[in-house]
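Everything on this sheet refers to the single structure shown next.
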Amino acid sequence: MSVDSGSASMAARLGIKPGMVVQELGWDEDADEDLRDSVVEISGGEMVDEDSDEVADVVLLWWREEDGDLIDALVDSIASLADDGVVWLLTPKSGRPGHVEPGEVTEAAPTAGLQQTSSISAAKEWAGIRLVTPKAARSKR
49 MSVDSGSASM
59 AARLGIKPGM
69 VVQELGWDED
79 ADEDLRDSVV
89 EISGGEMVDE
99 DSDEVADVVL
109 LWWREEDGDL
119 IDALVDSIAS
129 LADDGVVWLL
139 TPKSGRPGHV
149 EPGEVTEAAP
159 TAGLQQTSSI
169 SAAKEWAGIR
179 LVTPKAARSK
189 R
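Each residue of the sequence shown is one higher than the last, beginning at 49 in my numbering.
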């Protein structure tokens, strides 16, 4: 499998680097396969799932409006996250089925112990919201 430079830049925008452990949560058939492939290509290893015992450098959380309680999902996403790790909350872009209103993320993140730092266009149909623990956010300054 070879990912073209356009696809590889998708993972690079998420800060994925060789050797990183990436945990994927909330995958479904609507997840962006080009983004997933680029993460595997750049990190050099398959993504791990919620049953893994590995400490994750990055968590990709695919989330849709109908998926349930966002706070619970965010709390679960940091269970195996490294102290300086990052959660990328991937939600359908505005106007797409399953779109999550930004206000919902703004309310849920602090309750789950996370702080929103930035938002990007992660893939054609998906927006990415970068979340970190406040301790990690302070150490990056």
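Using N, Cα and C, we set each Cβ at its ideal position, and we do this for glycine too.
Since the model is a prediction, treat every value here as computed from it, not as a measurement.
- prompt: Is Ser142 near the ligand MN, judged by its Cβ being under 7 Å from some heavy atom?
  reply: What this structure holds is no ligand at all, so the ligand MN is not there to describe.
Exercise for review: Determine which residues share a DSSP beta bridge with Glu72 and list them.
Suggested key: Leu108
(message) One question on the structure: do Leu162 and Leu122 come within less than 8 Å of each other, judged by their Cβ atoms?
(response) yes
| said: Which same chain residues end up closer than 8 Å to Ser169 when comparing Cβ atoms and leaving out the 5 residues on each side of it in sequence? | reply: Excluding positions up to five away in sequence, the list reads Lys141, Ala175 and Gly176.
Review point. Do the region 150-161 and the region 95-105 meet, that is, are 3 or more Cβ pairs less than 8 Å apart?
Key: no
The region 58-75 in contact with the region 146-157 per 3-pair CB rule at 8 Å: no
Practice prompt. Sort Glu81, Val148 and Arg84 by Cα distance to Ile119 and report the nearest one.
Written response: Per the Cα distances, Val148.
Between Val69, Val180 and Leu138, which has its C-alpha nearest Gly93's C-alpha? Considering only alpha carbons, the answer is Val69.
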